[in-house]
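Engineer:
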């Protein structure tokens, strides 16, 4: 609670207690009026002052002015009729309670969400040239400086580890609860928390360009891009108050005149003015106006807790309507890292074949060599590798323990005159042949591995009611079809150039019925596609900066399963927004109709104003909570 | 030119009113108020004097909501 909130709470409590005491006090006439005036002024003086300013600025539909007219009118009627001032004061009291609650709830959500996004580093330990450490503002650290991050501290700037090993907690950044092990040479992102080891990091980015700052900026900016519902409510609020006020005036004047002039009945001014005042109490569109941005804010906050950054309320709205999801293959559904997927031998056993291949590739930096060494695991054993010769575009030849080994593609086999054959299992991927002493020994298949959650991601999307899943890739048809079949994708287009991807997405956009289209990519070559789709979703951890810039939604941990989570958050938020719109307008209209007919009193109006607002705000906050991955 | 300012305002409807008031200030090409983040983004007309324009924006906003504040 801030100072203003505390002060207002005290005013509300004092006025409420006074009102309670007065209801038991045996006062009559003028003394009673003055006694009741005290709690009214305590709780409502600022509204009255603001109402005065509203008149001065010629703002007929000023909320405070209307509230002042409603309460003063009710007081006047009370003096004139029966001397029950409670209703008038209650209107003011509850109006203030509503305002207080709104301010408190909004403040709480602001804090909750910034706590969720607690990645802003406060300081950096800069290492000076003489080796001393100095605590400085992360803003002042230049690129290439060495900073020290102690256990428990947040990494303040993006950089590369130059010394130390540790485990990082990346949950605030990616939503991934599993800690990440890092060692010297690894790249680290700001916003992660160093769990155990002491790290020395050479910074590669300035503070403003570092991941933590960028993410915070994105999330804070997100609610500036307003959704359709927000724009609708803003327009609605502009006409709602005038309509209600004119209706109130008509209600106060027309029926009594009609009764007097045409029906020959007494005018009964008191009753009709009372009914008009009910209208004024309901004339504030607050509940609606506050609950819609609050819902989106909470939804965006809830999504970021899951490691999904949504760059605008409008994108949340579009995501909820998505029924076609188009994926890029490499880096999105697959890891984008080559791994040994099969070993088919002719003479040796599998282990031996891999063993020899790994040795031959011992000194190579080619990605294929790396995956072979990775697959074998303990390549640096005692074996003797000599006379290594790289044959560009073909492969490598080497002597392993005195035996000549060739490892490479079909061209290499042809060149050395070894008879090779196509893979008998028809496994898709890149074939690496191995020949031992001029004899064909077998081949190893290297393929890009499908991400662990890719299959679950597609299943979860189908459960969400996604009509069509499509994969676009530049890869060969054989590989693409295999991945698509494994993941049970509906359509696959292979051997596409980057510009073909844009064209395919445009075709799909033209061919769809009603739902929206989302494109998911890692941003390597697909930034134009990301911006062309209704919603562009990018992989954040591995994706390029350009992709994150062009995308509307960023998955911080590169997990495609998060797409369905994000969609569930979006749908829940939209559901809450709709509930709030229908509920608030519905109750207000209902109470106005009942009020005009004489079935609703001031208390019903208070409920339609304050009660509805409290319920709408509480409902809005629900958008923050979503079950994580099942 | 575009600038972002920190603001203070209590109610969401007032924030919308501030947005309208800012938009209708001479020298302002466009303005958005983000109630949840308490920020106002102002796009200025080419060649406008930012300081004067912002003073007018604040004055106009004060007319619709006395309690508001813009930090510039």
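Protein chains in written order, with our numbering: chain A, 300 to 929; chain B, 21 to 92.
C-beta atoms are modelled at their ideal positions from N, C-alpha and C, and glycine is treated no differently.
1) Would residue 78(B) pass as an interface residue toward chain A - the criterion being a Cβ-Cβ separation below 9 angstroms?
2) Mind listing which residues of the stretch 39–59 of chain B have their C-beta closer than 9 angstroms to chain A's C-betas, in chain order?
3) Contact check, residue 816(A) vs residue 646(A) under 8 angstroms by CB: the rounded distance?
4) Counting only beta-carbon separations shorter than 9 angstroms, does residue 86(B) have a partner in chain A?
5) For residue 340(A), count neighbouring C-beta atoms within 10 Å of its own C-beta (all shown protein chains included) and say buried if the count is 16 or more, exposed if not.
6) Taking the alpha-carbon positions, what's the residue 494(A) to residue 454(A) distance?
7) Check whether the Cβ atoms of residue 908(A) and residue 586(A) lie closer than 9 angstroms to each other.
8) Assess, as a yes-or-no matter, whether the stretch 724–742 of chain A is touched by the stretch 588–600 of chain A under the definition of 3 or more beta carbon pairs within less than 8 angstroms.
9) Kindly list, in the order they appear in chain A, the residues whose Cβ is closer than 7 angstroms to that of residue 30(B).
10) At 3 residues or longer, what runs of the beta strand (DSSP E) sit wholly inside the stretch 481–506 of chain A?
11) Quick check: what's the CA-CA separation for residue 349(A) versus residue 67(B)?
12) Going by the CB atoms, is the gap between residue 498(A) and residue 447(A) shorter than 9 angstroms?
13) Report yes or no: do the stretch 906–923 of chain A and the stretch 629–636 of chain A share at least 3 C-beta pairs separated by less than 8 angstroms?
14) Under three-state DSSP, which class holds residue 696(A)?
15) With a 10 Å radius around its C-beta and 16 neighbouring C-beta atoms as the bar for buried, classify residue 88(B) as buried or exposed.
16) For residue 858(A) and residue 490(A), I'd like the C-alpha separation in whole angstroms.
17) Would you tell me roughly how many angstroms separate the C-alpha atoms of residue 320(A) and residue 91(B), rounded to the nearest one?
18) What does residue 61(B) touch in chain A if you count any residue whose Cβ is under 9 angstroms from its own?
19) For residue 64(B), which residues of its own chain have a beta-carbon under 8 angstroms away from its beta-carbon, when the five flanking residues on both sides are left out?
20) Short of 8 angstroms in beta carbon distance, which residues of its chain neighbour residue 775(A), apart from the five on each side in sequence? Order them along the chain.
21) Beta-carbon separation of residue 827(A) and residue 849(A) under 9 angstroms?
22) Output the distance between the C-alpha atoms of residue 863(A) and residue 620(A), rounded to the nearest integer angstrom.
23) For residue 83(B), which residues in chain A fall below 7 angstroms Cβ to Cβ?
24) Do residue 784(A) and residue 598(A) count as a contact pair if the criterion is CB distance below 9 angstroms?
25) Can you tell me whether DSSP reads residue 409(A) as helix, strand or coil?
26) Quick check on the burial criterion: 16 or more other C-beta atoms within 10 angstroms. Buried or exposed for residue 825(A)?
27) Give me the Cα-Cα distance between residue 331(A) and residue 385(A), rounded to the nearest whole angstrom.
28) Are the stretch 639–654 of chain A and the stretch 668–678 of chain A touching by the rule of at least three beta carbon pairs closer than 8 angstroms?
29) With respect to 8 angstroms, is the separation between the Cβ of residue 449(A) and the closest non-hydrogen atom of the ligand HEM below this value?
30) Using a Cβ-Cβ distance under 9 angstroms, would residue 92(B) count as near chain A?
31) For residue 408(A), would you say it is in contact with chain B, using Cβ-to-Cβ distances shorter than 9 angstroms as the test?
32) Helix, strand or coil for residue 732(A)? Go by DSSP, reduced to three states.
33) On the three-state DSSP scale, how would you describe residue 398(A)?
34) Would you identify the three-state DSSP class for residue 479(A), choosing helix, strand or coil?
35) What residue range does the alpha helix (DSSP H) around residue 65(B) cover?
36) Cutting at 6 angstroms between CB atoms, please list the residues of its own chain near residue 658(A), excluding the five before and the five after it.
Structural biologist: Once the coordinates are examined:
1) Position 58 of the second chain holds residue 78(B). With a threshold of 9 angstroms between beta carbons, residue 78(B) makes no contact with chain A.
2) Contact residues of the stretch 39–59 of chain B toward chain A are 39, 40, 52, 53, 54, 55, 56, 57, 58, 59 (C-beta to C-beta distance below 9 angstroms).
3) Taking the first chain and counting its residues from 1, the one referred to as residue 816(A) is at position 517. Taking the first chain and counting its residues from 1, the one referred to as residue 646(A) is at position 347. Wrong, their Cβ atoms sit about 52 angstroms apart, outside the cutoff.
4) Along the second chain, one-based indexing puts residue 86(B) at 66. Yes, contact with chain A.
5) On the first chain, position 41 is the one that residue 340(A) refers to. Its Cβ having fewer than 16 others within 10 Å, residue 340(A) is exposed.
6) The count along the first chain starts at 1 and reaches residue 494(A) at position 195. The count along the first chain starts at 1 and reaches residue 454(A) at position 155. In a straight line, the C-alpha of residue 494(A) is about 11 angstroms away from that of residue 454(A).
7) Here residue 908(A) corresponds to residue number 609 of the first chain, with the count starting at 1. Here residue 586(A) corresponds to residue number 287 of the first chain, with the count starting at 1. The answer is yes: Cβ separation under 9 angstroms.
8) Cβ pair count under 8 angstroms is below three, so no.
9) Along the second chain, one-based indexing puts residue 30(B) at 10. By Cβ distance, chain A contributes 402.
10) Correct list: 498–502.
11) The count along the first chain starts at 1 and reaches residue 349(A) at position 50. The count along the second chain starts at 1 and reaches residue 67(B) at position 47. Taking the straight line joining both Cα atoms gives about 36 angstroms.
12) Within the first chain, numbered from 1, the residue matching residue 447(A) stands at position 148. Within the first chain, numbered from 1, the residue matching residue 498(A) stands at position 199. For residue 447(A) and residue 498(A), yes; Cβs fall inside 9 angstroms.
13) Counting Cβ pairs under 8 angstroms, fewer than three are found: no touch.
14) Here residue 696(A) refers to the residue found at position 397 when the first chain is read from its first residue. In the displayed model, residue 696(A) falls within a strand according to three-state DSSP.
15) Locating residue 88(B) in the second chain gives position 68, where the first residue counts as 1. Buried: at least 16 other Cβ atoms inside 10 Å.
16) Numbered from 1 along the first chain, position 559 holds the residue referred to as residue 858(A). Numbered from 1 along the first chain, position 191 holds the residue referred to as residue 490(A). C-alpha of residue 858(A) to C-alpha of residue 490(A): approximately 19 angstroms in a straight line.
17) As a first step, residue 320(A) is located in the first chain; it is residue number 21 there, counting from the start. As a first step, residue 91(B) is located in the second chain; it is residue number 71 there, counting from the start. Put simply, the backbone Cα of residue 320(A) is about 44 angstroms away from that of residue 91(B).
18) Your numbering for residue 61(B) matches position 41 in the second chain. Residues of chain A passing the Cβ test: 520, 523.
19) One-based indexing of the second chain puts residue 64(B) at position 44. These residues qualify, in order along the chain: 21, 22, 23, 47, 48, 49, 70, 73.
20) Within the first chain, residue 775(A) is the residue found at index 476, counting from 1. The answer, listed in chain order, is 727, 793, 794.
21) As a working note, residue 827(A) is residue 528 in the first chain. As a working note, residue 849(A) is residue 550 in the first chain. Yes, Cβ-Cβ distance for residue 827(A) and residue 849(A) is below 9 angstroms.
22) As a working note, residue 863(A) is residue 564 in the first chain. As a working note, residue 620(A) is residue 321 in the first chain. Answer to the nearest angstrom: the Cα atoms are 12 angstroms apart.
23) Taking the second chain and counting its residues from 1, the one referred to as residue 83(B) is at position 63. The answer, in chain order, is 356.
24) Here the question's residue 598(A) lines up with position 299 in the first chain. Here the question's residue 784(A) lines up with position 485 in the first chain. No; because the gap between Cβ atoms is not below 9 angstroms, this pair is not in contact.
25) Looking up residue 409(A) in the first chain gives position 110. Helix.
26) The count along the first chain starts at 1 and reaches residue 825(A) at position 526. By the 10 Å Cβ count, residue 825(A) comes out buried.
27) One-based indexing of the first chain puts residue 331(A) at position 32. One-based indexing of the first chain puts residue 385(A) at position 86. Those two C-alpha atoms are separated by around 11 angstroms.
28) Verdict: yes, contact present.
29) The ligand HEM is absent from the structure shown, which contains no ligands of any kind.
30) Locating residue 92(B) in the second chain gives position 72, where the first residue counts as 1. In terms of beta-carbon proximity, residue 92(B) stays away from the interface with chain A, with every pair separated by 9 angstroms or more.
31) In the first chain, residue 408(A) corresponds to position 109, counting from 1. At least one CB atom of chain B sits nearer than 9 angstroms to the CB of residue 408(A).
32) To locate residue 732(A), count along the first chain from 1; it is residue 433. Here residue 732(A) sits in strand by DSSP.
33) Within the first chain, residue 398(A) is the residue found at index 99, counting from 1. In the structure shown, residue 398(A) adopts helical secondary structure according to DSSP, grouped into three states.
34) As a working mapping, residue 479(A) is identified with position 180 in the first chain. Residue 479(A) falls in the strand class under three-state DSSP.
35) Residue numbering aside, residue 65(B) sits at position 45 when the second chain is read from its first letter. Per DSSP, residue 65(B) belongs to no alpha helix (DSSP H) and is neither H nor E.
36) One-based indexing of the first chain puts residue 658(A) at position 359. Cβ contact annotation for residue 658(A) (same chain, cutoff 6 angstroms, sequence separation greater than five): 682, 684, 699, in chain order.
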